[in-house]
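In what follows, a single structure is set out as structure tokens and then discussed.
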Amino acid sequence: MVNKEIEINGKLLKISTGQVAKQSAGSVIVSYGETTIIAAVNAAREMREDIDFFPLQVEYRERHYAGGKIPGGFFKREARPSEREILTSRLTDRPIRPLFPKSFKFETQVIITVLTTDGDNPADVLAGVGASAALMVSDIPWNGPIATVRLAKVDENFIVNPTREQMEESSMELVVSGNKDTIVMVEGEADLISEDVFLDALKFAHEDIKKIIALQEEVAKEVNLDKREIPEEKANDELNAAVDKAIGDKINDIIQVADKAERELATSELHQNIFQTLEEQFPDDEKEINKHIDDKFKIAFRNKVLDTGVRSDGRSTTDIRDITINPSFLPRTHGSVLFTRGETQALVVTTLGSKRDEQIIDSMDEDYKKNYYLHYNFPPYCVGEVGRVGFTSRREVGHGNLAERALKPIMPDYDDFPYTIRIVSEIMESNGSSSMASVCGGSLALMDSGCPLKEHVAGIAMGLILDGDRHAVLSDILGAEDHLGDMDFKVAGTKDGISAIQLDLKIEGISFELLEEALEQARLGRLHILDKMNSALSEPSEISDYAPKIVSFSINPDKIGGLIGPGGKTIKKIIADTECDVNVDDDGLVTISGVDKVRLDEAAEIVKAVTLDPEVGMEFDGVVTSLMTFGAFVEIVPGKEGLVHISEMDWKRTDKVEDVCKPGDKMKVKLIKVDDQGRLDLSRKALMEKPEGYVEPPPRNRDGGRGGRGGRFGGGRRDNRSSNRKKRF
100 MVNKEIEING
110 KLLKISTGQV
120 AKQSAGSVIV
130 SYGETTIIAA
140 VNAAREMRED
150 IDFFPLQVEY
160 RERHYAGGKI
170 PGGFFKREAR
180 PSEREILTSR
190 LTDRPIRPLF
200 PKSFKFETQV
210 IITVLTTDGD
220 NPADVLAGVG
230 ASAALMVSDI
240 PWNGPIATVR
250 LAKVDENFIV
260 NPTREQMEES
270 SMELVVSGNK
280 DTIVMVEGEA
290 DLISEDVFLD
300 ALKFAHEDIK
310 KIIALQEEVA
320 KEVNLDKREI
330 PEEKANDELN
340 AAVDKAIGDK
350 INDIIQVADK
360 AERELATSEL
370 HQNIFQTLEE
380 QFPDDEKEIN
390 KHIDDKFKIA
400 FRNKVLDTGV
410 RSDGRSTTDI
420 RDITINPSFL
430 PRTHGSVLFT
440 RGETQALVVT
450 TLGSKRDEQI
460 IDSMDEDYKK
470 NYYLHYNFPP
480 YCVGEVGRVG
490 FTSRREVGHG
500 NLAERALKPI
510 MPDYDDFPYT
520 IRIVSEIMES
530 NGSSSMASVC
540 GGSLALMDSG
550 CPLKEHVAGI
560 AMGLILDGDR
570 HAVLSDILGA
580 EDHLGDMDFK
590 VAGTKDGISA
600 IQLDLKIEGI
610 SFELLEEALE
620 QARLGRLHIL
630 DKMNSALSEP
640 SEISDYAPKI
650 VSFSINPDKI
660 GGLIGPGGKT
670 IKKIIADTEC
680 DVNVDDDGLV
690 TISGVDKVRL
700 DEAAEIVKAV
710 TLDPEVGMEF
720 DGVVTSLMTF
730 GAFVEIVPGK
740 EGLVHISEMD
750 WKRTDKVEDV
760 CKPGDKMKVK
770 LIKVDDQGRL
780 DLSRKALMEK
790 PEGYVEPPPR
800 NRDGGRGGRG
810 GRFGGGRRDN
820 RSSNRKKRF
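Structure (structure tokens):
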């Protein structure tokens, strides 16, 4: 058993191996504070000959017991992975995937399970450390280690692996992975930070990344396990020469075709023609022939950009594709836009909802609600393919989350715009950077819905082709440039700074100098896109007639119980009577939503009436609820009643209450007294004109009989009320 530890930001990061999951190829337990995960890795012994990609599966799972909770739902156990689990799985996968040998085609699985959480130190960054450490102590060939940290910025100070409380105060949240030399993956959000601050943050994070890497190397050195031998890929010189001869200059012609569909069709036909030409000579080598053709395509594609600075669609390395924007594209929706950039197109729709539409998140350490969320859909038709339509893919979850985070800094405060906001991005066409099209379209659709945005957010995807000392940073990359290049660097923000960022590499790292160049080029591209967006829509539209009307105000938290009523009776009655949704938070914030403005105002008036403190002299339009021999109970607002004594029914003598009213009658009354128990005395006659020549009659006998309040009150005096009197809130 091996145990190593290091201090990061005042807390111990511990890595141990050799105690649990010993049948795995490699396993470690990683803890930070009192948050603990186990990471286990395994790889198949038989290589997959039928695939041309690396079959890596990374699964991050949270257990509710880790936070001392039992899962909700009928089955009371964890089911499909949550959005956070999917995002963390992707976050762990991306930095480790490029470091496997290219010839390693063995199915490999990394499983990370959260065992404990202290609620203060998130487990997601431990997943990256655990995956790397488990691979390091296994026999699986891998060019690691890497380490992952979270970075915050509070009061101009960078903090590595901040607490949740520090994150609440932070102006940025970055998850950064790196090796000993540089950064290999970044994802995060920020409150419009500058490019210089972002670079400084990465450099700061890298210092602690190097410390965690050294810790992993110490663990691996003590375990001292030999790595598997990798089967060498033997080049078939005869086949390669035959393919080269058959291809001739055809590839150079194809890579200059600007239209994606035409280029893909020409590429497919080339594959078929070359194999048909060589089938007799190499009948069993179709896979090798296609692989060599793809390799030739990649080399030619990259060399064209590096040699000429001109890309396959004729653009320079800094050019942005043509942009067209169609606001209010759909009728009846609350806000919509069709955003098109080259051959990438997103139809983005904003829907405004009430507080009932908030998304409820059930996690292992805390349950919370979201009143803003963005969903991204990538149907197979957007790339002209036939594909499976079913559950949301990991890619869709990841792209939607990135776009959601990008727009967060410009979202209005809930107090200023009390709607739940859902944005949906439907990708109509895709040829690179559909997630950034979703950012642009999302910002425009928000403004089209009437959301009071002060400025737009735009997103751009940057690429990189790196060959020795030569490199080219590409703005607004195509799908082919993403596939054949070395970097996918997505940057979103306003004219003032960065709001979200995601860096993925297919190589083992790039220098900070290249990152700086890419960031500056992205900034210029972002400003160009923002100009186009502002030309199309620069001011919020009027809120749609089809959107719900919402009003919100605060009440005394002590009045919440009265508003809700016993068993929810009062609030349910308000909802039923006004056909509006009524919600109240623990802090007393009331949100009312409905389609009809008149009914909305009616509901608001009722809520305010129910929660006010009645004062003597106030007048009410009440409803008689029940009759007694001594008077009538009148509901002045939902859930709040008072008594109109028989002597307060009329200026003239009333012998029977039934002669004046019956249950269900409306009655205008005035509050004339509130006793020390909060009970209300009402008067009907106080709002009636006193008859001319009126003479005050002798007082009724209040000690019983017809004139008293006997019966259910025990016949006591007016100031000696029985505790059995009907409770009035």
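According to the working numbering, the sequence shown is numbered sequentially starting from 100.
We treat Cβ as the ideally placed atom computed from N, Cα and C, and that holds for glycine.
Computed from a prediction, not measured in an experiment: that's the story for all the values here.
The alpha helix (DSSP H) enclosing residue i, as first and last residue numbers
i: D780; result: Segment L779 to S782 is the beta strand (DSSP E) holding D780; no alpha helix (DSSP H) there.
i: V224; result: D223 to M235
i: M266; result: R263 to E268
i: I705; result: K696 to T710
i: D581; result: G578 to L583
i: G287; result: It is not in any alpha helix (DSSP H) - G287 instead sits in the beta strand (DSSP E) that spans I282 to I292.
i: D547; result: S533 to D547
Identity of the residue in the options nearest residue i by Cα
i: D343; options: E385, I392, K310 and V356; result: I392
i: H570; options: A617, K469 and G287; result: A617
i: S637; options: E484, L573 and L552; result: L552
i: E161; options: N141, D151 and S188; result: S188
i: I373; options: N339, R401 and L405; result: N339
i: S269; options: K454, D512, P762 and P508; result: P508
i: E612; options: Y164, I282, A143 and V209; result: I282
i: M235; options: I606, I195, A357 and A289; result: I195
i: T859; options: V404, G408, Q444 and S411; result: No statement about residue 859 is possible, as the shown extent of the chain runs from 100 to 828 and does not include it.
i: F257; options: E272, F428 and Y467; result: E272
i: I308; options: V274, N323, E332 and M586; result: V274
i: T519; options: E286, Q458, K589 and M546; result: Q458
i: L198; options: L501, K103, D603 and K589; result: D603
i: E740; options: D754, E757, V756 and V773; result: V773
i: V768; options: V794, G721 and T728; result: G721
i: E718; options: T215, I771 and G592; result: I771
i: L565; options: I245, I609, N530 and P478; result: I609
i: D151; options: V209, I211 and D394; result: D394
i: V572; options: D587, E306, G578 and R327; result: D587
Local Cβ density within 10 Å of residue i, reported as buried at 16 or more and exposed below that
i: T191; result: buried
i: Q315; result: buried
i: I137; result: buried
i: P517; result: buried
i: G864; result: This structure gives no information on residue 864, because the portion of the chain shown stretches from 100 to 828.
i: P665; result: exposed
i: N819; result: Residue placement at N819 is poorly supported in this model, since its pLDDT is 34, which falls under 50; the coordinates are not used for a value here.
i: N242; result: exposed
i: L506; result: buried
i: K696; result: exposed
i: A139; result: buried
i: G109; result: exposed
i: R504; result: buried
i: I606; result: exposed
i: A120; result: buried
i: G807; result: Only weak support exists for where G807 lies, its pLDDT of 36 falling under 50; the coordinates are left without a value.
i: R625; result: buried
i: E619; result: exposed
i: Q601; result: buried
Interface flag, residue i vs chain C, CB-CB below 8 Å
i: S123; result: Judged by its chain identifiers, the structure shown contains no chain C, having just a single protein chain.
Boundaries (first-last residue) of the beta strand (DSSP E) holding residue i
i: H474; result: Y471 to N476
i: N256; result: N256 to V259
i: N102; result: V101 to I107
i: P426; result: I422 to P426
i: A246; result: A246 to V253
i: E740; result: K739 to H744
i: A731; result: G730 to V736
i: K767; result: K765 to V773
i: V119; result: Premise fails: V119 is in no beta strand (DSSP E) and is neither H nor E.
Contact belief for residue i with residue j at Cβ below 8 Å, rounded distance in angstroms
i: R401; j: L583; result: 6 Å
i: I691; j: I649; result: 7 Å
i: S653; j: L688; result: 5 Å
i: H627; j: I419; result: 5 Å
i: V496; j: I185; result: 5 Å
i: L614; j: L298; result: 7 Å
> Fully enclosed by the stretch 613-686, which beta strand (DSSP E) runs are 3 residues long or longer?
Replying inline: 648-653 and 680-683
> Unbroken alpha helix (DSSP H) runs of length 4 or more, entirely within the stretch 312-396: which are they?
Replying inline: 336-346, 349-353 and 359-377
> Which parts of the stretch 144-220 are runs of the alpha helix (DSSP H), unbroken and 4 residues or longer, counting only runs that do not cross its ends?
Replying inline: 182-195
>> So within the stretch 468-521, which uninterrupted alpha helix (DSSP H) runs reach at least 4 residues, ignoring any that extend past its ends?
In response: 493-506
> Fully enclosed by the stretch 555-580, which beta strand (DSSP E) runs are 3 residues long or longer?
Replying inline: 557-566 and 569-574
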